[in-house]
Amino acid sequence: MRGFLKFEQVNDLNPAHNMNKASKYLKSSGSIETLEIGNLVDLVISDAIEAGSSDIHIEPWDASLVVRVRLNGVLQELLHLPIELMEKVSGRLKVMANLVSYEMDRPQEGHAQTGAEMGGVELRMSFFPVIRGNHAGGVLRGEKIVIRIFDPNKRSFNLDEIGFEDATLKSLKKLLAKPSGMILLTGPTGSGKTTAIYAAL
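Here you go:
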């Protein structure tokens with residue numbers, strides 16, 4: 000297992016040929032002391048929204064705090080942050096979601112909304128305590144953070160446009176035309192249940 004990485008070593012994990020705004024800000028800061036955590040968190044969220052991500056996943060790995068985004072159902076690494084920023088990043092997000100910022104030993108859930116500059120996107124945040132072994136044989140306490148992104152500007156509520164196969168769409172419309180009854184819609188996280196329900200109304 001690798002030891003904790005220095006600031007410049009973490010920067011090396013964020014390739015210059017694929018730099019997003021958060022990576023550029025991280026590289027330009029030069030040290031943890033000069034980072035504005037609010038700016039960094041805002042840039043991470045902005046990068047994820049602009050990429051069309053449905054989720055942001057933040058969690059401590061062996062030597063860094065890894066930020067991944069879900070694109071078309073697949074998690075992809077966005078950037079690596081110094082592990083020392085774990086509590087600050089978590090605290091900033093909890094403040095945004097009106098949660099207890101210093102509470103790290105129990106799960107928490109909340110929501111926030113971005114400003115107009117990011118399109119007023121809704122963010123649903125979940126925080127889960129995690130314990131990992133570290134390079135010294137001890138334990139690293141931290142949190143896994145999952146942020147669901149709901150962008151009202153990109154959501155379609157037309158049944159014909161949300162990806163149903165023709166046969167499924169025909170059957171669903173037939174059921175919806177009935178005067179009474181109940182339809183049970185199930186599926187994994189991020190599969191489009193809420194979008195389908197709104198489109199059916």
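Using numbering that gives the first Met the number 0, count along the sequence shown one by one with no gaps and you end on 200.
Glycine included, C-beta positions come from ideal geometry on N, C-alpha and C.
In this text, all values refer to a predicted model and were calculated from it rather than measured experimentally.
- Query: Is the distance from the Cβ of residue 107 to the Cβ of residue 121 below 9 Å?
  - Reply: no
- Task: State whether the region 175-185 contacts the region 89-107, with contact taken as three or more CB pairs (one from each stretch) at a distance under 8 Å.
- Result: no
- Where does residue 55 land, buried or exposed, given buried means 16+ other C-beta within 10 angstroms? buried
- Message: Along the chain, where does the alpha helix (DSSP H) containing residue 63 start, and where does it finish?
- Response: Note, residue 63: premise wrong, no alpha helix (DSSP H); beta strand (DSSP E) at 63-70.
- Query: Run through DSSP, which three-state label would residue 88 get?
  - Reply: helix
- For residue 34, which of helix, strand or coil comes out of DSSP? coil
- Give the C-beta separation of residue 83 and residue 65 to the nearest angstrom, bearing in mind that I take them to be a contact with Cβ-Cβ under 8 Å. 14 Å between Cβ atoms; not a contact.
- Query: Which stretch, first to last residue, makes up the alpha helix (DSSP H) that contains residue 196?
  - Reply: 192-199
- Query: Can you tell me whether residue 72 is buried or exposed, with buried defined as 16 or more other CB within 10 angstroms of its CB?
  - Reply: exposed
- Query: Thinking C-alpha only, which one of 48, 69 and 78 is nearest residue 60?
  - Reply: 78
- Query: Is the distance from the Cβ of residue 147 to the Cβ of residue 125 below 9 Å?
  - Reply: yes
- Task: Kindly list the residues whose CB is nearer than 7 Å to the CB of residue 195, restricted to its own chain and excluding five residues on each side of it in sequence; keep chain order.
- Result: 161 and 184
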